[in-house]
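Working notes for the structure below.
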Amino acid sequence: MQDTGELTAGGTDGLFSALYQQLRQEARKQRRRVGGGVDTTALVNESYLKLMRSDLWHSRQHFLRTAAAAMRQVLVDEARARLAEKRGSGEVPLSLDKTGMADIVPGSHDDPNMTLGIDAALVRLAAHNERLARVVECRYFAGYSEQETADILEVTERTVRRDWVKARAFLFAELDAKS
Numbered sequence: 001m002q003d004t005g006e007l008t009a010g011g012t013d014g015l016f017s018a019l020y021q022q023l024r025q026e027a028r029k030q031r032r033r034v035g036g037g038v039d040t041t042a043l044v045n046e047s048y049l050k051l052m053r054s055d056l057w058h059s060r061q062h063f064l065r066t067a068a069a070a071m072r073q074v075l076v077d078e079a080r081a082r083l084a085e086k087r088g089s090g091e092v093p094l095s096l097d098k099t100g101m102a103d104i105v106p107g108s109h110d111d112p113n114m115t116l117g118i119d120a121a122l123v124r125l126a127a128h129n130e131r132l133a134r135v136v137e138c139r140y141f142a143g144y145s146e147q148e149t150a151d152i153l154e155v156t157e158r159t160v161r162r163d164w165v166k167a168r169a170f171l172f173a174e175l176d177a178k179s
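Yeah, the sequence shown ends on 179 if you go by the working numbering, and it's all consecutive.
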């Protein structure tokens, strides 16, 4: 599947079919991590609709990296919709507890405010360091392991671990400043 000809010949449909089970596993992990009203199948299918916009995949890693970003967009959109239903469209201050920071922020599983706060902080992180933002997309929003993230971003696992620590510190500081 590494051959560029194979990647473009099947296009998005071919890659999606070949990687469907892996995408479902990652979506399931992500749903456990972030929570929300989107089920696993819906998350994968909504991500697919976003991925259909392109048929030019340079590699399997490029496709998976883009799938991670698509899952993030779906989850953020769903969090926005839940907030709009629940509280009108008003913004509620975020609070952070520095103890027991599981992935990025404890208690973010069912809090659409936190998902939106993380997304906004991630946009600021991307302006500062694009690779750190991609690590967060892969690890937090798509649920990829360190090894999978390293493969997708074409860096070492050690680099992913260092970037994950830096990204979490940045996001924690951003979210803490907002609360």
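All residues carry an ideal CB built from backbone N, CA and C; glycine is no exception. Predicted model, so just to flag it, every value in this text is computed and none were measured.
Cα-Cα separation between Arg65 and Thr12, rounded to whole angstroms: Taking the sequence shown and counting its residues from 1, the one referred to as residue 65 is at position 65. Taking the sequence shown and counting its residues from 1, the one referred to as residue 12 is at position 12. Taking the straight line from one Cα to the other gives about 13 Å.
- request: Please state whether DSSP places Glu130 in a helix, a strand or coil.
  value: For the purposes of this step, residue 130 is identified with residue 130 of the sequence shown, where counting begins at 1. Helix, per DSSP.
Q | Whole-angstrom C-beta distance between Glu148 and Arg72, which should lie under 8 Å | A | Taking the sequence shown and counting its residues from 1, one reaches residue 72 at position 72. Taking the sequence shown and counting its residues from 1, one reaches residue 148 at position 148. No, Arg72 and Glu148 are not in contact; Cβ-Cβ is about 15 Å, not under 8 Å.
Discussion item. For Met114 and Asp39, what's the separation of their Cα atoms in angstroms?
Written reply: Residue numbering aside, residue 114 sits at position 114 when the sequence shown is read from its first letter. Residue numbering aside, residue 39 sits at position 39 when the sequence shown is read from its first letter. Whole-angstrom Cα-Cα distance: 19 Å.
message: Out of Arg139, Glu146, Asn45, which one is the CA nearest neighbour of Arg158?
response: Taking the sequence shown and counting its residues from 1, one reaches residue 158 at position 158. Ranking the options by Cα distance to Arg158, first place goes to Glu146.
* Looking at the structure shown, is Ser145 part of a helix, part of a strand, or coil, going by DSSP? -> To locate residue 145, count along the sequence shown from 1; it is residue 145. If DSSP states are grouped into helix, strand and coil, Ser145 belongs with coil.
Next item on the list: Please list the segments of the beta strand (DSSP E) lying wholly inside the segment 22-94, counting only runs of 3 or more residues, in order along the chain.
Entry: none
Requested in this report: Tell me whether Glu154 sits in a helix, a strand or coil according to DSSP, three-state version.
Outcome: Counting from one through the sequence shown, the residue named residue 154 turns up at place 154. Of the three classes helix, strand and coil, the one that applies to Glu154 here is coil, per DSSP.
Does Gly37 pass the burial test, meaning 16 or more other C-beta atoms within 10 Å, or should it be called exposed?
Sequence index remark: in the sequence shown, residue 37 carries index 37 (1-based). Label assigned to Gly37: exposed.
Taking Cβ to Cβ, would you say Tyr144 is nearer than 8 Å to Ala84? Stepping through the sequence shown from its first residue, residue 144 is reached at position 144. Stepping through the sequence shown from its first residue, residue 84 is reached at position 84. The answer is no: Cβ separation not under 8 Å.
- Own chain partners of Asp163 with C-beta closer than 7 Å, once the 5 adjacent residues on each side are dropped: Mapped onto the sequence shown, residue 163 falls at position 163. Around Asp163: Arg131, Leu132, Val135.
How about Ala70 and Ser54: are their beta carbons less than 8 Å apart? Taking the first residue of the sequence shown as position 1, residue 70 is located at position 70. Taking the first residue of the sequence shown as position 1, residue 54 is located at position 54. No, they are not a contact pair.
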